[in-house]
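Single-structure report; data block below.
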Amino acid sequence: MDRATLIRLTVFNVAVALMEMRTTLVLLALCVGLSWEMRRQGVAVKGVLRCGAVPANHTKVRIVDIDTGPDPDDTLDEKRTDEKGEFSLTGTTHELTSIDPVLYIWHECRDEQTPCSRKLKFLIPKKFIHGGDPTPEQWVDIGVLNLEGAFEDEGRECVS
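Following my numbering, the numbering of the sequence shown begins with 78 at its first residue and continues without gaps.
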């Protein structure tokens with residue numbers, strides 16, 4: 078191999094290496110840019126749950142961001158109601174698009190003999206989505222909810 082061919086091959090190899098580095102840097106910049114674009118979003122929900130005239134204490138409540146596609150749903154917060162049936166949930170996640178928050182309630186009100194829990198799902202309006210620290214106006218207050226009756230789209234699920 079003559080000297081001119083060797084120089085051409087070396088220049089070609091350097092050019093290929095520079096293109097690979099440039100591609101890597103562009104991909105890295107895209108990833109960093111996308112991560113900056115992912116907005117912190119959350120919801121805050123409070124209320125009181127009753128079973129007839131008594132508090133629905135130790136009832137499981139959870140706020141979730143429902144995701145479509147391969148991205149799994151994000152649990153934003155989960156607790157059990159206190160002795161008075163009161164709960165307060167707040168949580169955030171980072172998403173590229175607006176979150177789709179829901180409140181789930183699992184309970185045994187007037188249903189203790191049937192296997193698994195009654196499951197309720199409430200959509201949280203988008204106007205209550207906040208950027209991380211909810212103001213008093215951004216809290217969803219469901220008030221006092223009596224779990225005694227039947228609810229539309231009520232389901233059943235075994236949870237611990």
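Yeah, the Cβ is synthetic: ideal placement off N, Cα and C, and Gly gets one too. Only a predicted model underlies this, so the values are computations on that prediction, with no experimental measurement involved.
- One alpha carbon belongs to serine 194, the other to leucine 173, and they sit about 34 angstroms apart.
- Annotation for histidine 171: Met115, Arg117 place their beta carbon closer than 6 angstroms to its own, counting only its chain and skipping 5 residues before and after.
- Membership of phenylalanine 199 in the beta strand (DSSP E) is indicated by the continuous run 194-200.
- Put simply, of Val120, Lys156, Thr158 the residue whose alpha carbon is nearest the alpha carbon of isoleucine 143 is Val120.
- In this structure the stretch 147-160 does not touch the stretch 203-218; the number of beta carbon pairs closer than 8 angstroms is below three.
- A straight line joining the alpha-carbon of lysine 161 with that of leucine 126 spans about 8 angstroms.
- The beta carbons of phenylalanine 164 and leucine 197 sit no closer together than 8 angstroms.
- The three-state secondary structure of arginine 80, taken from DSSP, is helix.
- Counting the other Cβ atoms within 10 Å of the Cβ of valine 131 gives fewer than 16, which makes it exposed.
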